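Colleague: Below you'll find the structure I mean.
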Amino acid sequence: MPPTGSLIPADAPFSAQQEAWLAGFLAGVAAAGRRHAGAGDPPAATIDVLFGTQTGNAEFLAGEVVAGARGRGLGARATALDDVPPEKLAAMSHVLVVTSTYGEGELPDNALLFWEALQAEAAPRLEGLRYAVLGLGDRGYDDFCQAAKVIDTRLEQLGAVKLHERVDCDVDFEEPAAAWTAAVLDLLVAQTGATATPAAATPAAAPAPRARSSWNRRNPYRSRLAVNRLLSSPRGAKEIRHYEFDLGDSGLTYAAGDALAVVPVNDEALVGELLDHLGARGDEDADGRPLAELLRTGREIRTPSKELVADLVERAPESELAAVVAHGDRFDLDSWLWGRDILDLLRDAGPAAPGLDGLLPLLRPLQARQYSISSSPLAHPGRVHLTVASVRYGTGQRSYEGVASNYLASRVGADGTVGVYLQPNASFGVPADDDAPMIMIGPGTGIAPFRGFLHERAARGASGRNWLFFGDRHRETDFVYEDELTALRADGVLTELDLAFSRDQAEKIYVQTRMRERARELYAWLEEGAYVYVCGDASRMAKDVEAALLGVIAERRGRGGDDAGEYLAELRRAKRYVRDVY
519 MPPTGSLIPA DAPFSAQQEA WLAGFLAGVA AAGRRHAGAG DPPAATIDVL FGTQTGNAEF
579 LAGEVVAGAR GRGLGARATA LDDVPPEKLA AMSHVLVVTS TYGEGELPDN ALLFWEALQA
639 EAAPRLEGLR YAVLGLGDRG YDDFCQAAKV IDTRLEQLGA VKLHERVDCD VDFEEPAAAW
699 TAAVLDLLVA QTGATATPAA ATPAAAPAPR ARSSWNRRNP YRSRLAVNRL LSSPRGAKEI
759 RHYEFDLGDS GLTYAAGDAL AVVPVNDEAL VGELLDHLGA RGDEDADGRP LAELLRTGRE
819 IRTPSKELVA DLVERAPESE LAAVVAHGDR FDLDSWLWGR DILDLLRDAG PAAPGLDGLL
879 PLLRPLQARQ YSISSSPLAH PGRVHLTVAS VRYGTGQRSY EGVASNYLAS RVGADGTVGV
939 YLQPNASFGV PADDDAPMIM IGPGTGIAPF RGFLHERAAR GASGRNWLFF GDRHRETDFV
999 YEDELTALRA DGVLTELDLA FSRDQAEKIY VQTRMRERAR ELYAWLEEGA YVYVCGDASR
1059 MAKDVEAALL GVIAERRGRG GDDAGEYLAE LRRAKRYVRD VY
């Protein structure tokens, strides 16, 4: 399935900007602590680390800060943003907000209620709060770190005192974050006079996230690709494949609902075309390695960066790209760029296009792609399964392939190895209560985590009922895992299965259509404590599903849209409505 959320970061230096932010934050904490404590009292040492996360990175960083702080005798607690109502926020003294942004400037799912309350007219004044904001994002998106920006602005509008200017981090954040964490804790110990005795965990603290494996972006585990099997029909328009990775002696452990990051390798044919266009041999030195190797394993050569687009517009103002940009319509630009790669843009610029030296600094690092895991460690020990759609398209002149999906489908041989590492997702998993009902909505490859959920519940002997809404274009060619789902239904694990194959009839039918048709039963499940999970495309499907869910609630309760919205908000607060969207 397509990558979930932002790409996994590579290494990056600890910037001067981040050092300045850190110093300012710590100075502010110390000064504010003295003001709140009063003469002769020790400065306040408890810091509230509030996180907004979609794929787990911000939560992991928050947990590291808290664990390190407690180990040094400092008081600290990490809390999801949605678990902080306005009155609780107003009672805090020192707050560090760590939040990611996903998609086109959207807040993480576990920050939506916090943001809604913060925007309300009834939001309390926050003059007693000292705060700083750290954003995680991807400069490849126009609304880079937008979630951090809007939270920062609103806190200031409500009277909170900014300890330092906000810092926005690109995808390369892990190394500077580790350096930042160590520096924060060392300086806080020095400034607050904390003892080296570990501090007790506070009742309000969130559970510590699972320890992160030593296998990561810089050190991926070379996993044997044990299974590469076609799931969809060869007669269909889509190619969906089932992959199984052997974990061997890696020590990697995962939970149903986590993601696996795949470190891809660029297509040799595209590398060759790019070298030919640049008039390069490939053995030239580039960043300490041969140029061809750098283009194959180190740089994104499919999707152009914003910096490259801007550079080409400046160099070639008469190009087709420049004409589209001149219209100033973001949708038109996105539409024009869709289906084109870097080689297309260089050719469009003609003789004005940059040469090798000008191009390399404008190519982003090649990032790992995240895929929702479609297996259960209880049912499939020692292996991780993925369900991936191979991306292929073309024009009359060129054919194109997805970087990672076709690397797996076509370029990793039988029993070949692939660099992988895990991306835990603590907020998206099977209910801890085995008796709780579970509703899963996942069309297309969005079925991936729910296959894992069902196998997990079967292995646990869970008694809770399970309801899956699944669909795609055609039943004959696109009904993936049909045999498994039929067997799970026969065994009583899958209680309800609603299918929506949109192109099998004149009127298109989607999963949200089936939800509306089953409104009475769906609402009854919600009233009986069901958990609702959604996986798939964030731009359309997830929004349509949420609209359908709100419609079902409004219809069955008969109290209007505001009441339905509050009902859904309560599900969010109870962690009974969660999404894995991309």
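First residue of the sequence shown? That's 519 in the working numbering, and the numbers climb one at a time after it.
For each residue, glycine too, the CB sits at the ideal point set by N, CA and C.
Bear in mind the structure is a predicted one, so any value in this text is a computation, not a measurement.
Please name the residue, chosen from L579, L673, G570, G655, that lies closest to S611 on a Cα-to-Cα basis.
Modeller: Counting from one through the sequence shown, the residue named residue 611 turns up at place 93. Answer by Cα proximity: L673.
Colleague: What are the partner residues of M956, as DSSP defines its beta bridges?
Modeller: For this step, residue 956 is matched to residue 438 along the sequence shown. M956 pairs with N984, Y1049.
Colleague: DSSP state of K756, grouped into three classes?
Modeller: The residue you call residue 756 lines up with position 238 of the sequence shown. Coil.
Colleague: In terms of residues, what are the limits of the alpha helix (DSSP H) holding G912?
Modeller: For the purposes of this step, residue 912 is taken as residue 394 along the sequence shown, with counting starting at 1. That residue, G912, is in no alpha helix (DSSP H); its beta strand (DSSP E) goes 910 to 912.
Colleague: For R916, would you say it is in contact with chain B, using Cβ-to-Cβ distances shorter than 8 Å as the test?
Modeller: Given the protein chain composition of this structure (a single chain), no chain B is represented.
Colleague: On the CB-based measure, 16 or more other CB atoms within 10 Å of its CB, does T671 come out buried or exposed?
Modeller: Locating residue 671 in the sequence shown gives position 153, counting from the first residue. Exposed, by the Cβ-count rule.
Colleague: Write down every uninterrupted run of the beta strand (DSSP E) in the segment 1015 to 1066 whose length is 3 residues or greater and which is fully enclosed by it, in chain order.
Modeller: Runs found: 1049 to 1054.
Colleague: By the three-class DSSP mapping on this structure, what secondary structure does L884 have?
Modeller: Residue mapping note: residue 884 aligns to position 366 of the sequence shown, counting from 1. It is coil, neither helix nor strand.
Colleague: Less than 8 Å separating the beta-carbons of G873 and L796?
Modeller: Numbered from its first residue, the sequence shown carries residue 873 at position 355. Numbered from its first residue, the sequence shown carries residue 796 at position 278. For G873 and L796, yes; Cβs fall inside 8 Å.
Colleague: Cα separation between Y1085 and K1026?
Modeller: Position 567 of the sequence shown, counted from the start, is the residue given in the question as residue 1085. Position 508 of the sequence shown, counted from the start, is the residue given in the question as residue 1026. Roughly 29 Å between the two C-alpha positions.
Colleague: Alpha carbon to alpha carbon, what distance is there between S732 and D1001?
Modeller: By 1-based counting over the sequence shown, the position of residue 1001 is 483. By 1-based counting over the sequence shown, the position of residue 732 is 214. In a straight line, the C-alpha of D1001 is about 37 Å away from that of S732.
Colleague: Per DSSP, what kind of secondary structure is V547 in: helix, strand or coil?
Modeller: On the sequence shown, residue 547 is found 29 positions in, with the first residue counted as 1. Note that V547 scores 38 on pLDDT, short of 50, meaning its location in the model is unreliable and no value can be drawn from it.
Colleague: Three-state secondary structure (DSSP) at R747?
Modeller: Stepping through the sequence shown from its first residue, residue 747 is reached at position 229. Strand, per DSSP.
Colleague: Which first and last residues belong to the beta strand (DSSP E) in which V651 is found?
Modeller: For the purposes of this step, residue 651 is taken as the residue at position 133 of the sequence shown. V651 -> beta strand (DSSP E) spans 648 to 654.
Colleague: Would you report the Cα separation of E1035 and L986, rounded to the nearest angstrom?
Modeller: Sequence index remark: in the sequence shown, residue 1035 carries index 517 (1-based). Sequence index remark: in the sequence shown, residue 986 carries index 468 (1-based). About 14 Å.
Colleague: Could you name the residues that DSSP lists as bridge partners for R742?
Modeller: Residue 742 sits at position 224 when you count from the first residue of the sequence shown. Looking at the DSSP assignment, R742 forms a beta bridge with D764, T935.
Colleague: Using CA coordinates, which residue listed in K606, P808, V909 is at the minimum distance from G646?
Modeller: Stepping through the sequence shown from its first residue, residue 646 is reached at position 128. Of the listed residues, the one whose Cα sits closest to G646 is K606.
Colleague: Can you tell which of L770, D661, A695, E818 has the C-alpha that lies nearest to the C-alpha of D785?
Modeller: Along the sequence shown, one-based indexing puts residue 785 at 267. Looking at the Cα atoms, E818 is the closest of the given residues.
Colleague: Could you round the C-beta distance between L1017 and G989 to whole angstroms and report it? I think they count as a contact, below 8 Å.
Modeller: Translated into positions along the sequence shown, residue 1017 becomes position 499. Translated into positions along the sequence shown, residue 989 becomes position 471. Confirmed, Cβ separation roughly 6 Å.
Colleague: Rounded to whole angstroms, what's the CA-CA distance from D566 to A596? Just pull it up for me.
Modeller: Reading the sequence shown from its first residue, position 48 is the one you call residue 566. Reading the sequence shown from its first residue, position 78 is the one you call residue 596. Distance between the alpha carbons of D566 and A596: 6 Å.
Colleague: Please check the pair D661 and G623, which I expect to be a contact at CB under 8 Å, by giving their CB distance rounded to whole angstroms.
Modeller: As a position in the sequence shown, residue 661 is number 143, starting the count at 1. As a position in the sequence shown, residue 623 is number 105, starting the count at 1. Indeed, because the Cβ distance is near 3 Å, the residues count as touching under 8 Å.
Colleague: With 16 other CB atoms within 10 Å as the buried threshold, where does D1098 fall?
Modeller: Here residue 1098 corresponds to residue number 580 of the sequence shown, with the count starting at 1. So D1098 ends up on the buried side.
Colleague: Check whether the Cβ atoms of A650 and S618 sit closer than 8 Å, and answer yes or no.
Modeller: Working through the sequence shown from its first residue, we reach residue 650 at position 132. Working through the sequence shown from its first residue, we reach residue 618 at position 100. Taking 8 Å as the Cβ cut-off, A650 and S618 do not qualify as a contacting pair.
Colleague: In or out: K1061 buried (at least 16 other Cβ within 10 Å) or exposed?
Modeller: Here the question's residue 1061 lines up with position 543 in the sequence shown. Exposed, by the Cβ-count rule.
Colleague: In whole angstroms, what separates the C-alpha of P822 from that of H898?
Modeller: If you number the sequence shown from 1, residue 822 lands on position 304. If you number the sequence shown from 1, residue 898 lands on position 380. Roughly 38 Å between the two C-alpha positions.
Colleague: Could you spell out where the beta strand (DSSP E) holding S917 opens and where it closes?
Modeller: For the purposes of this step, residue 917 is taken as the residue at position 399 of the sequence shown. Note, S917: beta strand (DSSP E), 917 to 919.
Colleague: From the DSSP output, which residues share a beta bridge with R1097?
Modeller: Within the sequence shown, residue 1097 is the residue found at index 579, counting from 1. Bridge partners of R1097: V1052.
Colleague: Excluding five sequence neighbours on each side, which residues of the same chain lie with their C-beta closer than 7 Å to the C-beta of A1046?
Modeller: Stepping through the sequence shown from its first residue, residue 1046 is reached at position 528. The displayed chain sequence assigns Glu, not Ala, to residue 1046. Within the same chain, E1046 has close Cβ partners P955.
Colleague: Straight-line CA distance for L855 to V1052?
Modeller: As a first step, residue 855 must be located in the sequence shown, where it is residue number 337. As a first step, residue 1052 must be located in the sequence shown, where it is residue number 534. Between L855 and V1052, the C-alpha separation is close to 29 Å.
Colleague: Straight-line CA distance for L743 to L592?
Modeller: Within the sequence shown, numbered from 1, the residue matching residue 743 stands at position 225. Within the sequence shown, numbered from 1, the residue matching residue 592 stands at position 74. Approximately 45 Å between the Cα atoms of the pair.
Colleague: Which runs of the alpha helix (DSSP H) at least 4 residues long sit entirely within the segment 828 to 907? Give them in chain order.
Modeller: Here the runs fully enclosed are 838 to 844, 848 to 855, 860 to 867, 874 to 877.
Colleague: Tell whether a beta-carbon distance below 8 Å holds between V616 and L579.
Modeller: For the purposes of this step, residue 616 is taken as the residue at position 98 of the sequence shown. For the purposes of this step, residue 579 is taken as the residue at position 61 of the sequence shown. It is a contact, given that the beta carbons lie within the stated cut-off.
Colleague: In three-state terms, what does DSSP make of V781?
Modeller: What you label residue 781 is simply residue 263 of the sequence shown in a count that begins at 1. In this structure, V781 counts as strand in the three-state DSSP scheme.
Colleague: Note down the Cα distance separating E693 from A666, rounded to an integer number of angstroms.
Modeller: Numbered from its first residue, the sequence shown carries residue 693 at position 175. Numbered from its first residue, the sequence shown carries residue 666 at position 148. So the alpha carbons of these two residues sit roughly 20 Å apart.
Colleague: Using the beta-carbon count (16 or more within 10 Å), is L864 buried or exposed?
Modeller: The residue you call residue 864 lines up with position 346 of the sequence shown. Flag for L864 reads buried.
Colleague: Does DSSP put R969 in a helix, a strand or coil?
Modeller: Sequence index remark: in the sequence shown, residue 969 carries index 451 (1-based). Of the three classes helix, strand and coil, the one that applies to R969 here is helix, per DSSP.
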